[in-house]
Amino acid sequence: MQKSSLILMFMIMVSGLAFAQRAPEAVDIPTAQAEIDSLNASNQKMSDENEGYEQNNSTLRNEVEAMEALKRDISVTQGKISSQAGELYSVMQTVNDAEMKSRLNAQISTNRAQRYALEQKNSELNGQIEDHTFSIEKNIRWINRNIIQTKKNNARIAHLNASIAFTQDEGQGMDDAIEKSQTIQNEVDSLLNQNPAPSAGE
3 MQKSSLILMF
13 MIMVSGLAFA
23 QRAPEAVDIP
33 TAQAEIDSLN
43 ASNQKMSDEN
53 EGYEQNNSTL
63 RNEVEAMEAL
73 KRDISVTQGK
83 ISSQAGELYS
93 VMQTVNDAEM
103 KSRLNAQIST
113 NRAQRYALEQ
123 KNSELNGQIE
133 DHTFSIEKNI
143 RWINRNIIQT
153 KKNNARIAHL
163 NASIAFTQDE
173 GQGMDDAIEK
183 SQTIQNEVDS
193 LLNQNPAPSA
203 GE
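Numbering of the sequence shown is given in the working numbering, commencing with residue 3 and proceeding in unit increments.
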């Protein structure tokens, strides 16, 4: 496995644990929910981006395959031209007629031009393949970055959801305490309002 792949796997593992180990905490629920919504939107955006990168890479890979196939065809044709060139030069050695030599020279020149044109085409294809390969690798890097960030976002979302639940539980405990306190206050009010000896005030 390549060193870069090992580094990427390590980064994903570390990033996934970055927030997962945090305990829930009391939060402002609307603020936490707003952050969750923002993180979910960011995740969707990165998912859409990665889909675009994957589609682009699929197109680029297909084009690379087509260019590699064309390079193989060019190589076969170059072999034929080289073989034909040898035959033309061999025939040239046995021809004395001026017109025939002229025709042979013209064909040799054409042969040479064909070889040069194919060499140029092959060089052009090599450059395009190199550019496509660079673009594919760049897209993969962006895909991996988005994957890592999505994992971080998901860990943060899980933490926020746990914190919201924690805060709601705390709120329920507070409501219970207030209700009990209010019940006691009602008892106090009832006791204070009672007057078992109304004549004592006369």
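Ideal placement from N, C-alpha and C gives every residue a C-beta, glycine not left out.
Item	Value
Nonlocal neighbours in the same chain, by C-beta distance under 6 Å from SER192, ignoring five residues either side	none
For LYS5, the three-state DSSP class (helix, strand or coil)	Residue confidence is low: LYS5 scores 49 on pLDDT, short of 50, so the model does not pin down where it sits. Its coordinate-derived value is still stated next. Reduced to three states, the DSSP call for LYS5 is helix.
Where VAL78 sits in the DSSP three-state scheme	helix
Environment of LEU72 [buried if 16+ CB atoms lie within 10 Å]	exposed
Whole-number beta carbon distance between ASN113 and ILE83, since they are thought to touch under 8 Å	6 Å
Distance CB(VAL29)-CB(SER165) smaller than 8 Å	yes
Alpha carbon of ILE150 to alpha carbon of ALA160, nearest angstrom	15 Å
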